[in-house]
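Same order as they appear, the protein sequences are chains A, B and C. 15 is the number of the first residue of the first sequence in our numbering; add one for each residue after it. 6 is the number of the first residue of the second sequence in our numbering; add one for each residue after it. 38 is the number of the first residue of the third sequence in our numbering; add one for each residue after it.
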Amino acid sequence: MRAPVIEVENLTYIYRPYGIVALEDVSLEIKEGEFVAIIGRNGSGKTTLLKNIVGLLKPTQGRVLVEGVDISRSTVAELATRVGLVLQNPDQQLFSQTVEEEIAFGPRNLGLPESEVESRVEEAIALLGLERFRHEFPLALSIGDRARVVIASVLAMRPHIILLDEPTMGQDYRGHREIMSIAERLHRDGYTVVIATHHVDLVAEYAQRVIVLCEGRVLLDDTPAAVFSQPEVLRRTHMAPPQITRLAQALPPSLELPRDVLTVEELGEAVLELLHN
Amino acid sequence: MVAKEFQETPQIVIRDVSYRYPDAEDYALEGLNLTIHKGEFVAILGEHLAGKSTFCQLLNGIIPNFKGGELEGSVLVCGLDTQDVSVAELARKVGIVLQDPEAQLFTTKVINEVAFGPENLGLEREEILRRVRWALKVVGLEGMEDRPPPSLSGGQKQRLAIAAALAMRPEVLVLDEATSQLDPVGTEEVFSVVRRLNREYEVTIIMSTHKSEEVARFADRILVIHQGRLIAQGTPQEIFRDTELLRRAAIRPPQVSELANYLEAHSLRMLEFPITIEQAKRGIEQLFAGV
Amino acid sequence: MDYSAGYYPGHGFFHRLDPRVKIALMAILTIIVPLVRHVYIAVAMLLTVVVLWCISGLPLRIMGGYLKMLRGIIAFLFVVQAILHPGEVALIDPLIPPSVPLIGGKGSVTMEGLLFAALITVRLLALALAFFLVTVTTPIHLFTLGLVRLGLPYQLAYTITTAFNLVPTLQAEAKLIMDAQRLRAFSAFEQRNPLARMKAYPLLLTPLVIGAMRRAQLMAVAMESRGFGSEGERTYIEDIAMETKDWVFVGLTTLYCVAVLAVNF
């Protein structure tokens with residue numbers, strides 16, 4: 015049984031002084047090595063939840079534990095070596111003159127010896143394919159590359175858990191694919207990965223588990239197949255399953271095609287199999 | 006989808022257009038030739054940095070009048086040559102909505118935001134208020150006149166931006182990735198407004214986007230831009246079944262079209278190439294019936 | 038959610054003042070405040086401004102936010118002025134030993150220095166808080182309209198308005214950037230040591246300024262696309278008119294300034 019690395023217990027968060035209840039009595043547990051997607055419309059509480067996990071926000075009620083550590087008794091800096099957060103807008107997360115310096119920023123702030131900093135920088139550059147941008151000014155890169163530099167910089171803190179808040183923002187289809195395959199690779203390398211997004215087709219393809227937030231509460235928490243086979247529930251938060259899933263659900267049952275497909279290939283293969291028999 | 010009839014004379018004519026940004030070595034756009042008719046709903050697809058934004062800004066004269074650079078060829082919009090006329094004059098004909106909801110809203114109240122454009126034109130106060138009321142009604146934001154723009158949701162902000170453009174009473178509305186930063190709700194709101202503008206008010210729509218599903222449902226024509234060139238144009242059916250084009254231009258069709266392409270690669274062809282769920286459903290039923 | 042660009046809606050007295058009066062107030066204070074030579078007058082003016090804030094109906098945390106923002110500059114100015122200002126009664130011995138050529142013997146903190154430093158900082162604080170009170174209680178378009186009705190051409194008025202609203206706009210952005218820095222174990226802005234904070238500023242300024250420039254570019258495109266800069270007379274759907282209360286305020290302020298100058302000189 016894998017250990018839980020994130021434990022959220024009855025978390026309520028209210029944005030003072032506006033009095034906006036962003037999260038209401040949220041409880042969930044994420045285990046080591048999981049690949050979790052958090053979906054929900056804008057304003058459903060995804061970003062607030064992620065910020066509470068890394069300690070940028072402290073719970074109004076309830077508590078959050080990261081690797082057993084109560085976040086309200088810890089500093090953001092200390093938590094950053096356990097759980098990394100990549101925020102939505104790369105332009106607010108890049109501060110240095112070169113990509114190398116940017117990646118080194120975090121480890122240096124941790125007071126690590128220069129040799130350790132260097133090796134982490136090399137590792138991150140290799141992992142994210144940033145070799146040719148080493149000496150470039152980060153804020154001048156294209157949006158997809160800026161996002162990757164931020165991810166590399168967060169990874170250099172060597173967290174075990176990585177949270178990504180809408181990492182595909184502003185990018186084209188190829189950019190989306192690249193980010194998701196980076197997330198997948200990190201997952202394979204042993205990271206616990208949590209992605210907040212509203213791209214249900216990417217979620218269907220990559221995530222192992224989907225948590226649906228609606229107005230600050232958890233609406234559904236299950237596998238992608240289970241979540242997307244409940245379109246009526248999803249409609250409450252104005253979300254819909256991927257188009258291919260909706261197609262499968264619209265087909266007459268007499269065709270005996272699976273109704274819980276998550277990708278084009280799945281449905282395609284099922285059609286081919288049935289027709290060739 | 007019912008085929009639309011368009012006027013003889015095109016509303017927008019782009020002839021041999023090439024453009025370079027100031028101090029740039031490479032062309033952002035090269036050898037563009039195309040026409041757009043009044044009332045068309047045109048979608049522009051292409052990967053990041055292919056030139057879609059540049060193209061959008063050609064249409065209201067921001068390029069080259071505001072951004073400088075070298076423009077070859079001619080862009081005629083509603084009879085006006087964009088190089089002979091100021092951006093302010095073109096603003097009466099072409100409205101533009103940008104990607105970032107926050108960057109294009111800069112007043113403290115919704116009503117002021119929508120009135121900004123007509124105020125600049127020096128119209129009479131009564132006329133301005135009439136236009137503001139009309140624009141807010143069309144986008145579904147009536148009653149929100151006194152709200153501060155930052156307090157609106159993403160979809161509402163973009164609808165406000167559309168209203169602000171509409172108050173100029175343009176014949177053409179250009180949307181440059183206006184839904185890229187919105188969630189599914191916001192996206193639906195924007196497309197719904199845009200479709201209404203196109204169907205009910207005959208506003209020509211030119212929309213650069215990645216949302217293939219919506220494009221399939223609403224667009225009359227798709228322009229594919231790749232590395233600054235217009236490499237293809239056609240109906241959604243034509244574009245989304247061209248797998249070689251899709252791969253080359255790095256654009257993604259609706260999943261149902263992807264399915265049809267997948268099946269076709271395995272020698273299974275539907276009678277009608279699907280771009281919507283309804284069509285795909287029929288197509289699959291036909292395949293099974295034919296067996 | 039956040040009323041960025043500084044303006045906080047309300048119906049208090051200051052909110053309802055004609056923008057021209059508020060602009061004139063800013064102009065007058067800019068001339069008068071630097072002329073003040075005595076600390077107690079400066080303190081009195083600061084207190085007046087604080088009272089105006091308190092009766093304006095604004096939540097006090099807004100003023101608190103601006104004070105927090107200014108504390109670095111104020112502290113820095115105070116220290117520099119205290120050290121550099123010449124005086125006779127030395128409270129702290131010279132920082133630079135007399136044996137050092139040219140600048141030897143300098144850098145002592147004197148009574149005169151302290152008083153001068155207090156004067157400078159209190160003056161700055163009074164002026165800054167007055168300015169912020171105006172931007173917080175005046176919507177951008179009314180500020181611009183005020184400038185236009187005072188005789189400025191529209192585009193110039195708009196540019197000036199935007200400049201004044203820059204600070205609050207950047208504040209919200211700065212917070213987000215600092216959050217991201219905290220995630221990389223960087224907490225220099227939370228430290229007491231002003232020197233450490235100063236070293237941290239370039240890291241904040243780079244993304245802040247570039248972000249601001251990008252947004253400004255986009256905003257310019259949006260504005261041009263809606264006819265900004267059209268020729269001819271511009272219309273305004275809202276107009277402003279001076280009322281009794283405005284003239285009363287002008288009268289009171291004039292008396293106040295005359296009194297200040299009289300006592301000062």
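For glycine and all other residues, C-beta sits at the position ideal for the given N, C-alpha and C. Only a predicted model underlies this, so the values are computations on that prediction, with no experimental measurement involved.
For the pair Asn70 (chain B) and Ala96 (chain B), the CB atoms are not nearer than the 8 Å cut-off. Under the Cβ criterion of 8 Å, Ala170 (chain A) is not counted among the residues facing chain B. Beta-bridge pairing by DSSP links Asp235 (chain A) to A:Ile225.
A residue is called buried once 16 or more other Cβ atoms fall within 10 Å of its Cβ, and Asn202 (chain C) is buried on that count. A residue is called buried when at least 16 other Cβ atoms come within 10 angstroms of its Cβ; His190 (chain A) meets this threshold and is buried.
Counting along the chain, no beta strand (DSSP E) covers Thr113 (chain B), and no H or E run does either.
With a cutoff of 8 Å on beta-carbon distance, Leu180 (chain B) and Gln161 (chain B) are scored as not near each other. Selection A:Val278, A:Leu108 and A:His201 evaluated against Gly248 (chain C) yields A:Leu108 as nearest (Cα-Cα). According to the DSSP secondary-structure assignment, Val90 (chain B) is paired through a beta bridge with no residue. Apart from the 5 residues on each side of it in sequence, Ile44 (chain A) sits with its Cβ closer than 7 Å to the Cβ of Pro18, Val19, Ile20, Val50, Thr206 and Val208 in its chain, given in chain order. In summary, the residues of the segment 233 to 255 of chain A whose CB is separated from some CB of chain B by less than 8 Å are His252, Met253 and Ala254, in the order they occur in the chain. Put simply, the CB of Asn123 (chain A) is near chain C, with a gap under 8 Å to one of its CB atoms. Residues of the segment 204 to 222 of chain C with a C-beta less than 9 Å from any C-beta of chain A: Glu210, Leu213, Ile214, Asp216, Ala217, Gln218, Arg219, Leu220, Arg221 and Ala222, listed in chain order. Nearest to Asn203 (chain B) by C-alpha distance, out of B:Lys43, B:Gln260 and B:Ser58, is B:Lys43. Setting aside the 5 residues that flank it on each side, Val102 (chain B) is surrounded in the same chain by Gln109, Gln163, Ala166, Ile167, Ala170, Leu178, Val179, Leu180, Asp181 and Ala183, each with a C-beta closer than 8 Å to its C-beta; the list follows chain order. Residues of chain B with a Cβ closer than 7 Å to the Cβ of Tyr187 (chain A) are, in chain order, His215, Ala255, Ile256 and Arg257. One finds Val258, Glu261 and Ser262 in chain C with Cβ atoms closer than 9 Å to the Cβ of Ile67 (chain B), taken in chain order. Beta-bridge annotation (DSSP): Gln75 (chain A) is paired with A:Thr26. Using a C-beta cut-off of 8 Å, the segment 170 to 178 of chain A makes contact with the segment 114 to 126 of chain A, since at least three inter-stretch Cβ pairs fall below that distance.
When CB distances to chain C are screened at a threshold of 9 Å, not a single residue of the segment 273 to 290 of chain A falls below it. With distances taken between CA atoms, Pro56 (chain C) lies nearest to C:Leu182 out of C:Leu182, C:Leu162 and C:Glu270. The bridge partners DSSP lists for Tyr24 (chain B) are B:Leu34 and B:Leu76.
DSSP places Glu38 (chain A) inside the beta strand (DSSP E), whose first and last residues are Ile34 to Lys45. Membership of Ala48 (chain B) in the beta strand (DSSP E) is indicated by the continuous run Phe46 to Leu50. Within the segment 91 to 122 of chain C, contact with chain B at the beta-carbon level (separation under 7 Å) is assigned to no residue. Within the segment 49 to 63 of chain B, Gln62 place their CB atoms closer than 9 Å to a CB of chain C, listed in sequence order.
Within chain A, the residues whose beta carbon sits less than 8 Å from that of Gly248 (chain C) are Asp105 and Gln106, listed in sequence order. For Val80 (chain A), no chain C residue has a Cβ inside 7 Å of its Cβ, as the nearest lies near 13 Å away.
Taking 9 Å as the Cβ-Cβ cut-off, the segment 45 to 68 of chain C has no residue approaching chain A. Distances from the alpha-carbon of Val18 (chain B) to those of B:Glu107, B:Lys9, B:Gly84 and B:Gln62 put B:Gly84 closest. In this model, Tyr206 (chain B) and Ala91 (chain A) are separated by some 56 Å (Cα to Cα). Residue contact with chain C for Ala91 (chain A): present (Cβ-Cβ distance below 8 Å to some residue of chain C).
Taking 8 Å as the CB threshold, Leu255 (chain C) stays off the interface with chain A. By the 16-neighbour rule on beta-carbons within 10 angstroms, Pro256 (chain A) is buried. The Cβ atoms of Glu180 (chain A) and His149 (chain A) lie no closer than 8 Å to each other. When C-beta atoms of the segment 277 to 284 of chain A are compared with those of the segment 50 to 58 of chain B, fewer than three pairs fall below 8 Å, so the two segments do not count as touching.
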